[in-house]
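*Asks:* In the numbering used here, the protein residues as written are 2 to 178.
For glycine and all other residues, C-beta sits at the position ideal for the given N, C-alpha and C.
Pasting in a structure now, in structure tokens, and then I'll have a few things to ask.
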């Protein structure tokens, strides 16, 4: 027999509130994971919004104030890093506005055509083409394109790490470990 406990005194067995919380959290985490991988989708901010709504109005998770502060700071950091990492990657290598535009177009186009591998190829190719149109030499344009790829990879890795932190935190609060 399945026994889940949220450690409330005197309760044992499968609790409907626990099941609902776990189901909603699983859906939110799945949506957030899609947002971590696909650029432009606000996965972590939407996840934060759901946690914040529970914190301020429902209180089902019983989230501590300190945990809410940490989750809020991490959500804000993902917004900033997501927007700036690729730009910084291009600019650090001496890229131009066209390199940044090429990166964005390449990410979206690559995603539409070839999913995740297409985003990586599109990010690199878009920046490369943007810089070649801007008049850069091929070697310099390649270096800038590599910078865009590194920036995108850094932003994605950071968002994934934040997603893992949210997942662990929600698991702990839902199941009151």
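Return helix, strand or coil for residue 118, following the three-state DSSP convention.
*Replies:* Reduced to three states, the DSSP call for residue 118 is helix.
*Asks:* At least one CB of chain B closer than 7 Å to the CB of residue 138: is that the case?
*Replies:* Given the protein chain composition of this structure (a single chain), no chain B is represented.
*Asks:* CB residue 29 to CB residue 48, shorter than 7 Å?
*Replies:* Yes, these two residues count as a Cβ contact at 7 Å.
*Asks:* For residue 56 and residue 177, I'd like the C-alpha separation in whole angstroms.
*Replies:* Approximately 15 Å, taken between the alpha carbons.
*Asks:* For residue 113, I'd like the list of residues in its chain whose CB is within less than 8 Å of its CB, leaving aside the five on either flank, ordered along the chain.
*Replies:* Result list for residue 113: 119, in chain order.
*Asks:* With three or more C-beta pairs closer than 8 Å as the rule, is the stretch 20-40 touching the stretch 159-167?
*Replies:* The stretch 159-167 is in contact with the stretch 20-40.
*Asks:* With contact counted as at least three CB pairs below 8 Å, one residue from each stretch, are the stretch 135-142 and the stretch 72-87 in contact?
*Replies:* No, because fewer than three Cβ pairs between the stretch 135-142 and the stretch 72-87 fall closer than 8 Å, the two stretches do not touch.
*Asks:* Check residue 173 in the structure and name its three-state DSSP category.
*Replies:* In this structure, residue 173 counts as helix in the three-state DSSP scheme.
*Asks:* Could you compute how far the alpha carbon of residue 21 sits from the alpha carbon of residue 105?
*Replies:* Going by the C-alpha atoms only, they are around 38 Å apart.
*Asks:* Looking at residue 123 and residue 99, is the spacing between their C-beta atoms short of 7 Å?
*Replies:* Cβ distance not < 7 Å, so residue 99 and residue 123 don't count as in contact.
*Asks:* Excluding sequence positions up to five away, which residues of its chain have a Cβ less than 6 Å from the Cβ of residue 151?
*Replies:* Answer for residue 151: 90, listed in chain order.
*Asks:* Span of the alpha helix (DSSP H) holding residue 84?
*Replies:* Here the alpha helix (DSSP H) through residue 84 covers 66-93.
*Asks:* Which first and last residues belong to the alpha helix (DSSP H) in which residue 22 is found?
*Replies:* Looking at the DSSP string, the run of the alpha helix (DSSP H) that includes residue 22 is 17-38.
*Asks:* Tell me which same chain residues have a C-beta within less than 7 Å of the C-beta of residue 26, skipping the five on either side of it?
*Replies:* Here the set comprises 171 and 175.
*Asks:* Which whole-angstrom value is the C-beta distance of residue 1 and residue 86, which I expect to be below 8 Å?
*Replies:* For the chain, the structure presents residues 2 to 178; residue 1 sits outside this window and is missing.
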